[in-house]
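Colleague: Sharing a structure here in structure tokens format.
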Amino acid sequence: MTSYADFHRRSLQDREGFWAEQAKLIDWQQPFTQVCDNSRPPFTRWYVGGTTNLCHNAVDRHVATRGAQNALIFVSTETNQERVYSYAELHAEVQRMAASLIELGVKKGDRVLVYMPMIPEAAFAMLACTRIGALHSVVFGGFASVSLASRIDDAEPTVVVSADAGSRGGKVVPYKPLLDEAIALSKHKPGKVLMVNRGLSPFTRVAGRDEDYTALREKHLNAQVPCEWVDATHPSYTLYTSGTTGKPKGVQRDTGGYAVALAASMKHIFLGNPGETYFSTSDIGWVVGHSYIVYGPLIYGMATIMYEGLPIRPDAAIWWSLVEKYKVTSMFSAPTAIRVLKKQDPAALSKHDLSSLRALFLAGEPLDEPTAKWISESLGKPIIDNYWQTETGWPILTICNGVEKQASKFGSPGKPVYGYDVKLIDENTGQELTGANQKGVVAIEGPLPPGCMQTVWRDDDRFVKTYWSSIPGRQVYSTFDWGIRDEDGYLFILGRTDDVINVAGHRLGTREIEESISSHANVAEVAVVGVADQLKGQVAMAFAVLKDASQADTPEKALKLEGAIMKVVDEQLGAVARPARVRFVSVLPKTRSGKLLRRAIQAVCEGRDPGDLTTIEDPSALQQVKDLVGG
Ligand code: AMP
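This is the structure in structure tokens:
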């Protein structure tokens, strides 16, 4: 067996040889002529000259050998449905969806926006897009009209695929009114809206625009839509994520490099085998859903579970019952979900036979030691933390047990994954930190490995400026996370360097939340910060200055106004972005040059020392925050 250190070294020193080998894990229509073209950094191109197709690799290529095997297992504890699609059935469904999209005018290179709950048609739509060379742009179903409108304007989709409603905790959550409102708000008007009607929530149809999927599917029941062979560098999708500014970025991914990266990760990281079952509890609206609900497991010939519902309904044993029933071998979740399960019923695991399970993978937010210890002891299986981002599409740090079994350390996601040349950079000097236990910005020396973002959709300039400008003259990608490396080479992640917060594993931009709150008629100014939370990791806290302070001069009035402001956020961005509290102050802590002191506000909220305050304009402003949070 190769040692992991050698494996990692080779991935960087013999980049071409290493990734040419990994490329054998997928099917190519035309072989590539160059593994890595980095002649125009940071715009690295992988597998140049090769042609392939993501949907072919995820579906078609398995039909001959495992047509009758499980491919997509849909379980909804919201609608009490359970439906298993074999690879042959998935193949047929994807072609029905592809034929429907083509009939609605979708062509290669067009964008299709998917605003869907966790139902099989969402996966069919994604696969149908990549099948025909169109780009999907999935928007998380928890986002509301303003978030959706900004994504519609940026992606300019030909078609939107949506559904009447989702459901959460047994409560129907209508999607269609939010979509209609978003299209009313957006400048770009998609030509068609393809509606999956689940019969959960009646909706109004817009004549000439809205199409019914049941009817179109029926029409294309026997559709045969061949896969469009695309260049390895052809974009497969865009996925929006939050950053420092209010405007979300469209992370653009390629085809060939992504397929190879995912296939390799199933083998080296996620301990999968073809024919086994993978269960990721994420949502297709997030990158984990793209990589490890839809594409990764399917590309590797595994069955994947798509779960609609809460982890604790009907009870906290539901996920473990699925592990037992479908003999799940690899499971992927987030620390918040594990904390919720522990709180609800710590003994739920023991009710089920979990012998099929090889490991539980956790990602998306810091994994705290009590949670890691509890789940590790309760499961009696390895718990493998992995750190990555929407931008990279697959893990940057973890323990690659598929290469060599290595110990995990509590609090650390692990070591740099093969293909990633991870560095720590001093924020002030831009110098690389090579010693142990020095805090720096986690960065990756380019080129990034296959599968990572190609650019920001239609904004190369923003891609370069945002991610690649930390060390002038060098091709170094910034993750915007603080990190530290110990003597043994394990990295620890210490939180974001920018204004991004992580609420229950969901990445949110505080600037977006501030913009939304500011749209309330009585808000003059607002600061939103992320504050540590026992259950969710972080929650958003807002401090607002009012135009008319008399609207909040009694506790009752303040509470009412707080509720009204939260409603604005719910309606514009979605409940996922709602701050835990909105507090009112007469002035916000700022520097003399007018910059908001967000880090100082955050420190005070967390009961920490706010640090150097020599530049603060009005010290009483921070005192107001302190008084409110009881510090
Ligand atoms: P997203 O793009 O939504 O996947 O969010 C990426 C961000 O989540 C990273 O930049 C980190 O701040 C955080 N994150 C993801 N995984 C981990 C992890 N395993 N440990 C600590 N933070 C994480």
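Position in the sequence shown counted from 1, then plus 612, gives you this note's numbering.
Heads up, the beta-carbon is just placed ideally off N, CA and C, and yes, glycines get one too.
Tell me the DSSP bridge mates of Q864?
Modeller: Locating residue 864 in the sequence shown gives position 252, where the first residue counts as 1. Answer is T850 and T1067, bridged to Q864.
Colleague: Identify every residue that forms a DSSP beta bridge with V808.
Modeller: By one-based count along the sequence shown, residue 808 stands at place 196. Paired residues: A775.
Colleague: Residues in the same chain with beta-carbon distance under 7 Å from G603, minus the five sequence neighbours each way, listed in chain order, please.
Modeller: Beyond the ends of the chain as shown, which are 613 and 1243, falls residue 603; an answer cannot be given.
Colleague: Output the boundary residues of the beta strand (DSSP E) element that contains L974.
Modeller: Along the sequence shown, read from residue 1 onward, the residue named residue 974 stands at position 362. Its beta strand (DSSP E) spans residues A971 to A975.
Colleague: Indicate whether S968 and E989 have their beta-carbon atoms separated by less than 9 Å.
Modeller: Along the sequence shown, read from residue 1 onward, the residue named residue 968 stands at position 356. Along the sequence shown, read from residue 1 onward, the residue named residue 989 stands at position 377. In this structure, E989 does not lie closer than 9 Å to S968 by Cβ.
Colleague: Is D1038 helix, strand or coil when you go by DSSP?
Modeller: Residue mapping note: residue 1038 aligns to position 426 of the sequence shown, counting from 1. The answer is coil: DSSP assigns D1038 none of H, G, I, E or B.
Colleague: Closest to G1058 by C-alpha separation, out of S933, V1034 and D1098, would be which residue?
Modeller: Reading the sequence shown from its first residue, position 446 is the one you call residue 1058. It is V1034.
Colleague: Where do the ends of the beta strand (DSSP E) carrying K1051 lie?
Modeller: Residue numbering aside, residue 1051 sits at position 439 when the sequence shown is read from its first letter. Its beta strand (DSSP E) spans residues K1051 to E1057.
Colleague: Quick one: grab the DSSP three-state call for H748.
Modeller: In the sequence shown, counting from the first residue as 1, residue 748 sits at position 136. H748 falls in the strand class under three-state DSSP.
Colleague: Ignore the nearest five residues each way along the sequence and tell me which others in H1132's own chain have a CB closer than 6 Å to its CB.
Modeller: Translated into the one-based positions of the sequence shown, residue 1132 becomes position 520. These residues qualify, in order along the chain: I1177 and V1180.
Colleague: Under 8 Å: does the beta carbon of L979 sit that close to some heavy atom of the ligand AMP?
Modeller: Locating residue 979 in the sequence shown gives position 367, counting from the first residue. Correct: L979 has its Cβ closer than 8 Å to the ligand AMP.
Colleague: Just to check, is the beta-carbon of L883 closer than 8 Å to a non-hydrogen atom of the ligand AMP?
Modeller: Translated into positions along the sequence shown, residue 883 becomes position 271. Every heavy atom of the ligand AMP is 8 Å or more from the Cβ of L883, so no.
Colleague: Going by Cα to Cα distance, which pick from E1229, I1213, F882 and K1207 is closest to V1029?
Modeller: The sequence position of residue 1029 within the sequence shown is 417, counting from 1. Out of E1229, I1213, F882 and K1207, F882 has the C-alpha closest to the C-alpha of V1029.
Colleague: Could you check if Q864 belongs to the surroundings of the ligand AMP, using beta carbon to heavy atom distance under 8 Å?
Modeller: If you number the sequence shown from 1, residue 864 lands on position 252. Because no heavy atom of the ligand AMP lies under 8 Å away, the Cβ of Q864 does not count as near it: no.
Colleague: How big is the Cα-Cα spacing for I685 and H748?
Modeller: Numbered from its first residue, the sequence shown carries residue 685 at position 73. Numbered from its first residue, the sequence shown carries residue 748 at position 136. Cα to Cα, the separation comes out at about 22 Å.
Colleague: Nearer than 8 Å: is that true of the beta carbon of L806 relative to any heavy atom of the ligand AMP?
Modeller: For the purposes of this step, residue 806 is taken as the residue at position 194 of the sequence shown. Answer for L806: no, Cβ out of range of the ligand AMP.
Colleague: For the pair the stretch 943-956 and the stretch 889-903, tell me if three or more CB-CB distances fall below 8 Å.
Modeller: The stretch 943-956 vs the stretch 889-903: in contact.
Colleague: Note down, in chain order, each residue of its chain lying with its Cβ closer than 6 Å to the Cβ of G908, except the 5 sequence neighbours on either side.
Modeller: Walking along the sequence shown from the start, residue 908 turns up at place 296. Within the same chain, G908 has close Cβ partners L874 and M878.
Colleague: With 16 as the cutoff for other CB atoms within 10 Å, does Q1146 come out buried or exposed?
Modeller: Taking the first residue of the sequence shown as position 1, residue 1146 is located at position 534. By the neighbour-count rule (16 or more Cβ atoms within 10 Å), Q1146 is not buried but exposed.
Colleague: Any chance you could list the alpha helix (DSSP H) runs of at least 4 consecutive residues sitting entirely within the stretch 625-667, in chain order?
Modeller: Those alpha helix (DSSP H) runs which fall completely within the stretch 625-667 and span 4+ residues are 627-634.
Colleague: Helix, strand or coil: which one does DSSP assign to Q1184?
Modeller: Indexing the sequence shown from 1 puts residue 1184 at position 572. Helix.
Colleague: If we ignore side chains and look at the alpha-carbon of each, how far apart do R1086 and M1065 end up?
Modeller: Here residue 1086 corresponds to residue number 474 of the sequence shown, with the count starting at 1. Here residue 1065 corresponds to residue number 453 of the sequence shown, with the count starting at 1. Their Cα atoms are separated by approximately 18 Å.
Colleague: First and last residue of the beta strand (DSSP E) that includes Y919?
Modeller: Sequence index remark: in the sequence shown, residue 919 carries index 307 (1-based). Start and end: A915 to E920.
Colleague: Take every Cβ of the stretch 727-736, pair it with every Cβ of the stretch 906-924, and state whether three or more of those distances are shorter than 8 Å.
Modeller: Output reads yes: the stretch 906-924 touches the stretch 727-736.
Colleague: At the level of alpha carbons, what is the spacing between D1038 and G1142?
Modeller: In the sequence shown, residue 1038 corresponds to position 426, counting from 1. In the sequence shown, residue 1142 corresponds to position 530, counting from 1. Taking the straight line from one Cα to the other gives about 23 Å.
Colleague: Just to confirm, does V1088 get its C-beta within under 8 Å of one of the non-hydrogen atoms of the ligand HEM?
Modeller: Although the ligand HEM was asked about, the structure shown includes only the ligand AMP as ligands.
Colleague: Please list, in chain order, all residues of the same chain as R723 whose beta carbon is under 8 Å from its beta carbon, the five residues on each side excluded.
Modeller: In the sequence shown, counting from the first residue as 1, residue 723 sits at position 111. The answer, listed in chain order, is A746, L747, H748, S749, A767, E768, P769, T770 and T850.
Colleague: Quick one: does the C-beta of R1211 sit closer than 8 Å to a heavy atom of the ligand AMP?
Modeller: Position 599 of the sequence shown, counted from the start, is the residue given in the question as residue 1211. Because no heavy atom of the ligand AMP lies under 8 Å away, the Cβ of R1211 does not count as near it: no.
Colleague: Does I1177 come out as helix, strand or coil in the three-state DSSP assignment?
Modeller: The residue labelled residue 1177 in the question sits at position 565 within the sequence shown. Note: I1177 maps to helix in three-state DSSP.
Colleague: Does the Cβ-Cβ distance between R622 and G629 come in under 9 Å?
Modeller: Here residue 622 corresponds to residue number 10 of the sequence shown, with the count starting at 1. Here residue 629 corresponds to residue number 17 of the sequence shown, with the count starting at 1. Yes, the Cβ-Cβ distance between R622 and G629 is below 9 Å.
Colleague: Do A975 and the ligand AMP come close, with the Cβ less than 8 Å from some heavy atom?
Modeller: The residue given as residue 975 occupies position 363 in the sequence shown. Yes, since a heavy atom of the ligand AMP falls inside the 8 Å radius drawn around the Cβ of A975.
Colleague: Compute the beta-carbon to beta-carbon distance between V671 and L739, rounded to the nearest angstrom, for a pair I have assumed lies under 8 Å.
Modeller: The residue given as residue 671 occupies position 59 in the sequence shown. The residue given as residue 739 occupies position 127 in the sequence shown. V671 to L739, Cβ: 6 Å. Contact.
Colleague: Can you have a look at K861 and say buried or exposed, based on whether 16 or more other CB atoms are within 10 angstroms of its CB?
Modeller: As a first step, residue 861 must be located in the sequence shown, where it is residue number 249. Classification of K861: buried, given that the 10 Å Cβ count is 16 or more.
Colleague: Count the CB pairs spanning the stretch 852-871 and the stretch 1114-1129 that are closer than 8 Å, and state whether there are at least three.
Modeller: Yes, the stretch 852-871 is in contact with the stretch 1114-1129.
Colleague: Note down, one range per segment and in chain order, each beta strand (DSSP E) of at least 3 residues found wholly within the stretch 658-745.
Modeller: As far as the stretch 658-745 is concerned, its whole beta strand (DSSP E) runs of at least 3 residues are 682-688, 693-698 and 723-727.
Colleague: Whose C-alpha, out of E823, K799 and F1196, is nearest the C-alpha of M807?
Modeller: For the purposes of this step, residue 807 is taken as residue 195 along the sequence shown, with counting starting at 1. The shortest Cα separation from M807 among E823, K799 and F1196 belongs to E823.
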